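*Asks:*
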Amino acid sequence: MLTDTAKQLTKQINKGFELIGSGVGAATQIESLQRLVLEVVQSLLENWLVPRLNDFYDCFPNVELQLNASEQLVDFNQRDIHGHLHFGHG
Numbered sequence: 013m014l015t016d017t018a019k020q021l022t023k024q025i026n027k028g029f030e031l032i033g034s035g036v037g038a039a040t041q042i043e044s045l046q047r048l049v050l051e052v053v054q055s056l057l058e059n060w061l062v063p064r065l066n067d068f069y070d071c072f073p074n075v076e077l078q079l080n081a082s083e084q085l086v087d088f089n090q091r092d093i094h095g096h097l098h099f100g101h102g
């Protein structure tokens with residue numbers, strides 16, 4: 013049998029555990045959203061990639077895609093970019 017003080021303490025501890033559980037659940041949802049950064053040649057972006065984005069998001073709903081149009085080759089050591097789509101030499 014718990015004392016009145018122990019009962020009050022148990023209530024407060026349980027509330028704390030509920031808050032921790034909510035925080036962990038929210039963090040898990042945030043971590044499941046992945047970010048992908050791509051540099052893409054403008055013409056390839058407009059004519060090939062953009063028309064396919066709906067299919068991409070249907071397959072990968074937890075991916076946040078950031079597309080940057082660029083005509084320059086990418087130095088992956090200098091930029092926070094995951095991929096570069098282009099055609100031609102390089």
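In this note's numbering, the protein residues as written are 13 to 102.
In this text, a Cβ means the ideal position worked out from N, Cα and C, and glycines have one as well.
Remember, predicted model here, so these are calculated numbers, not experimental data.
Going by DSSP in three states, Leu14 sits in which element: helix, strand or coil?
*Replies:* Locating residue 14 in the sequence shown gives position 2, where the first residue counts as 1. Coil at Leu14, not helix or strand.
*Asks:* Ignoring anything shorter than 3 residues or poking outside the segment 60 to 86, list the beta strand (DSSP E) runs there in chain order.
*Replies:* Counting whole runs of 3 or more residues, the segment 60 to 86 contains the beta strand (DSSP E) stretches 75 to 81.
*Asks:* Would you say the segment 87 to 96 touches the segment 57 to 74, given that touching needs at least three Cβ pairs under 8 angstroms?
*Replies:* No, the segment 87 to 96 does not touch the segment 57 to 74.
*Asks:* In its own chain, which residues sit with a C-beta less than 6 angstroms from the C-beta of Arg47, not counting the 5 before and 5 after it?
*Replies:* Here residue 47 refers to the residue found at position 35 of the sequence shown. Glu76.
*Asks:* So, under 8 angstroms CB-CB, Leu57 and Leu79 are touching, yes? Tell me the CB distance rounded to an integer number of Å.
*Replies:* As a first step, residue 57 must be located in the sequence shown, where it is residue number 45. As a first step, residue 79 must be located in the sequence shown, where it is residue number 67. That pair is a contact at about 6 angstroms.
*Asks:* Quick one: using the 10 Å Cβ neighbour count with 16 as the cut-off for buried, is Val53 buried or exposed?
*Replies:* Numbered from 1 along the sequence shown, position 41 holds the residue referred to as residue 53. When all chains shown are included, Val53 counts as buried.
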